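Novice: Here it is, the structure in full.
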Amino acid sequence: MNKIKYIILLFILLLLIIPTIVAVDDSIKADSAIIVNASNITVGDIEKITVHVNEDATGVINITVDGKNYSAPIDKGIATFKIDNLASGSYDVSASYDGDENYLPGTNTSSFNVEKPGASASVPVKANEKTKANSTIIVNANNIAMGDSEKITVRVNEDATGSVTITVDGKTYSAPIDKGLTTFKIDNLASGSYDVLASYDGDENYLPGTNTSSFSVGKHNAPISVSAKDVKEGENAVVHVILPAGATGSVKVTVYDKSYTNQLIDGKTTVTVPDLAKGSYIVNVNYSGDDNYLANSTQVPLSVGKKAVEPPAIENNTDENLNDIGLDASTGLPIAILAIALIIIVAVVIVKRK
């Protein structure tokens with residue numbers, strides 16, 4: 005019975021965990037960029053519709069035109085459709101992408117007209133703002149680390165001409181459109197969050213348009229190298245701390261109940277810790293971080309051994325100072341003892357003679 009309870013509990017846990025895993029996986033996917041291009045045609049012509057997605061996207065694109073569904077595989081970011089036998093009139097195009105392991109699903113729309121033969125010849129058409137199509141603008145910007153170059157791409161309609169202008173951090177950049185794409189490269193960005201405003205002035209076929217995006221520039225990681233040699237009681241413990249050469253700010257070193265804070269110079273500092281009793285310690289090192297580097301911390305062990313006991317000094321007596329302590333140079337015995345021994349010997353001889 006207990007085994008059945010455990011199996012049921014495990015099954016419930018799996019039901020709770022699996023959706024979380026799927027959600028986490030989706031959260032790291034990028035947005036898919038979808039651009040639908042459709043052109044006006046005349047009755048009897050073939051309508052060619054191209055759908056652009058991210059260049060490395062995989063899978064298929066689905067479109068719906070006049071209530072009919074069509075699918076085409078993505079090849080280098082493009083799916084192409086050809087539709088014939090269309091009657092005159094206006095048509096809406098709805099494109100959808102189911103996403104893949106890198107990109108989220110997405111949709112977009114467009115429209116086109118099928119004119120009757122000769123209809124346009126009877127009415128002169130002058131290019132003006134009312135006859136232009138809306139421009140499609142998609143801005144892609146990625147988060148980077150300090151020191152990296154920010155690459156911003158702006159996609160517009162594939163046959164659009166002219167240039168795209170972006171504004172980042174109060175600075176303006178322009179680049180020509182090449183097959184519907186403009187690319188910008190921005191260097192030397194400080195850490196922080198940035199907004200991107202992209203604008204297109206339009207051309208004879210497309211109206212002006214704008215779009216926005218954002219990205220962030222993260223600080224560098226700050227690896228910490230710490231060395232602290234073991235010492236004996238009475239000796240000072242010396243802690244050497246090394247960070248990247250450009251790091252500034254302060255380093256706090258704590259050993260037991262002693263704390264010391266030093267400022268970094270060229271990414272380095274040295275802390276001296278005196279008066280540690282015998283024992284094992286943990287040296288905690290905390291870096292404050294600065295405008296370019298993230299805060300960080302680490303720790304290393306430190307051992308303080310028992311103070312060494314010095315042996316007592318032994319006086320080196322030689323023949324030259326034997327007389328100073330009453331020694332006979334030939335025997336090394338005190339003279340007084342020799343005298344007493346001599347007296348005893350003489351006394352014994354006298355007693356024997358009597």
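Counting in the numbering used here, the sequence shown runs from 5 upward without gaps. Every residue gets a Cβ at the ideal spot worked out from N, C-alpha and C, and that includes glycine. Here the structure is a predicted model, which means the values were calculated and not measured.
1) Short of 8 Å in beta carbon distance, which residues of its chain neighbour residue 150, apart from the five on each side in sequence? Order them along the chain.
2) Which residue comes first and which comes last in the beta strand (DSSP E) that contains residue 203?
3) For the 8 Å Cβ check, are there 3 or more pairs between the stretch 160-169 and the stretch 86-104?
4) Tell me which same chain residues have a C-beta within less than 8 Å of the C-beta of residue 146, skipping the five on either side of it?
5) If you follow the beta strand (DSSP E) that residue 154 is part of, which residue opens it and which one closes it?
6) Beta-carbon within less than 7 Å of residue 312's beta-carbon, same chain only, minus the 5 sequence neighbours each way: which residues are those?
7) So what does residue 185 bridge to, in DSSP terms?
8) Quick check on residue 203: buried or exposed, where buried means 16 or more other Cβ atoms within 10 Å of its Cβ?
9) Can we count residue 141 as close to the ligand ADP, meaning its CB is less than 7 Å from some heavy atom?
10) Using a Cβ-Cβ cut-off of 6 Å (strictly less than) and excluding sequence neighbours within five positions of residue 64, which residues of its own chain qualify?
11) With distances taken Cα to Cα, identify the nearest neighbour of residue 289 among 137, 228 and 210.
12) Please identify the residue among 114, 184, 107 and 89 whose C-alpha is closest to the C-alpha of residue 142.
13) Apply the 10 Å Cβ neighbour rule to residue 281 and answer buried if 16 or more other Cβ atoms are within range, or exposed otherwise.
14) Which complete beta strand (DSSP E) runs does the stretch 70-121 hold, if anything under 3 residues is left out?
15) Should residue 434 go down as buried or exposed, given a rule of 16 or more other Cβ atoms within 10 Å for buried?
16) Return the first residue and the last residue of the beta strand (DSSP E) that residue 242 is part of.
17) Could you tell me the distance, in whole angstroms, from the CA atom of residue 56 to the CA atom of residue 200?
18) Look at residue 139 and residue 161 and say whether their C-beta atoms are less than 8 Å apart.
19) Sorted by chain position, which residues of the same chain lie with C-beta nearer than 8 Å to residue 301's C-beta, five sequence neighbours on each side aside?
20) What's the C-alpha gap between residue 276 and residue 309?
21) What's the gap between the Cα of residue 233 and the Cα of residue 104?
22) Rounded to the nearest angstrom, what separates residue 336 and residue 349 at their Cα positions?
23) Within 8 Å, do at least three Cβ pairs link the stretch 80-90 to the stretch 43-59?
24) Going by DSSP in three states, residue 170 sits in which element: helix, strand or coil?
25) Would you mind reading off the limits of the beta strand (DSSP E) that contains residue 143?
Specialist: The short version:
1) 193, 194, 195, 221, 222, 223, 224 and 296
2) 196-204
3) Fewer than three beta-carbon pairs drawn from the stretch 160-169 and the stretch 86-104 are found closer than 8 Å, and the two stretches are therefore not classed as touching.
4) 154, 155 and 219, listed in sequence order.
5) 154-159
6) 236
7) Its beta-bridge partners are 159 and 182.
8) buried
9) With respect to the ligand ADP, the structure shown offers nothing to examine, as it has no ligands at all.
10) 75 and 77
11) 228
12) 184
13) Exposed is the call here.
14) 72-77, 82-87, 93-101 and 110-119
15) Past the edges of the chain, shown from 5 to 358, lies residue 434, and the structure says nothing about it.
16) 241-246
17) 22 Å
18) Closer than 8 Å, so yes.
19) Excluding sequence positions up to five before and after residue 301, its CB lies within less than 8 Å of the CB of 228, 288, 289, 290 and 291, all in the same chain and listed in chain order.
20) So the two alpha carbons sit approximately 17 Å from each other.
21) 54 Å
22) For residue 336, the predicted structure reports a pLDDT of 49, less than 50, and the residue's modelled location is therefore unreliable. A value from the coordinates is still provided. So the alpha carbons of these two residues sit roughly 20 Å apart.
23) yes
24) strand
25) From DSSP, the beta strand (DSSP E) with residue 143 extends over 142-145.
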